[in-house]
Every structure is written in C-alpha cells, then in structure tokens.
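Visitor: So that we are looking at the same thing, I have put the structure below in structure tokens.
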Amino acid sequence: MGGYHSSHISRYYPNTFDYVGLFSAAIVPDKNMKSKVYENIDETLLKQKQNGCKLYWIGIGKEDFLYRANTDYRKKLDAMDFKYIYRESEGGHTWRNWRIYLSEFLPLLFN
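The opening position of the sequence shown corresponds to residue 143 in this note's numbering, with each subsequent residue numbered one higher.
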C-alpha cells in the first residue's frame, strides 16, 4: 500500500495498525480536494496517537512534488505532540528513495 493509503487507513483503523511507514505520502489535501478520506483528520490522528502507535515513520525526498504537503503534515503532528521518525533524503518521488526508506524502516519493526 502506498503512503497515501497507509496514512489514511491507519488513521481510520488505529487499533489495527501500530507500525506505520509513509514513503513520499500524498497526505494533506489542498483546498479543492473533496473526499471523505480527508474528513476528521485531526480527530482521527488524535485517536491514533491515543491508541499508542508504536512507530510512525515518514520519509520524503527534498525534490519530491509532495515535499511541501509532508512539511505541512509534520507541522500538524508536531502541534499534536504526535511522535514520529522523519527521514529526509535527496531526490524526488522515486523507487530509489523508497528502497532506501524501506531498508531503514523494516529493521525498526523488530526492535
């Protein structure tokens, strides 16, 4: 599942997913996006935080077209004191970055 799906499904099912990895995720909607998945973002994130998410990992490339949205999303998480690990890399929305992120994220599942 992609970062978009991982972020939103984990919010709506916080008792199911304790380990979440967002690799170049399409997270925060712009003003023109109208979809149920974007409803109650703050409320569902708070539930996810209260559930005790064990690992929330975010990776994004500096040249990724989703970089700004991820920066805004991290500000939202910071304001909620939602703990996460952040990995910023060179490059954009590429398989090369996702392979790097996966190699760093997977070992954390076994800590």
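For each residue, glycine too, the CB sits at the ideal point set by N, CA and C.
This structure is a prediction, so every number in the text was calculated from the model and none was measured.
Helix, strand or coil, according to DSSP, for Ser-245 in the structure here?
Guide: Working through the sequence shown from its first residue, we reach residue 245 at position 103. It is helical.
Visitor: Kindly confirm or deny that the region 217-229 and the region 178-197 touch, where touching means at least three C-beta pairs closer than 8 Å.
Guide: Output reads yes: the region 178-197 touches the region 217-229.
Visitor: Can you have a look at Gly-144 and say buried or exposed, based on whether 16 or more other CB atoms are within 10 angstroms of its CB?
Guide: Here residue 144 is taken as the residue at index 2 of the sequence shown, counted from 1. So Gly-144 ends up on the exposed side.
Visitor: Given a threshold of 16 other Cβ atoms within 10 Å of its Cβ, counted over all protein chains shown, does His-150 qualify as buried or as exposed?
Guide: Within the sequence shown, the letter at position 8 stands for residue 150. Buried, since its Cβ has 16 or more Cβ neighbours within 10 Å.
Visitor: Name the two residues that bound the continuous alpha helix (DSSP H) containing Glu-185.
Guide: Reading the sequence shown from its first residue, position 43 is the one you call residue 185. Segment 183-193, the alpha helix (DSSP H) holding Glu-185.
Visitor: Apart from the five residues on each side of it in sequence, which residues of its chain come closer than 7 Å, Cβ to Cβ, to Asn-212?
Guide: Numbered from its first residue, the sequence shown carries residue 212 at position 70. If we look at Asn-212 and ignore the five residues flanking it on each side, its Cβ neighbours are Ala-167, Ile-169, Ile-200 and Ile-202.
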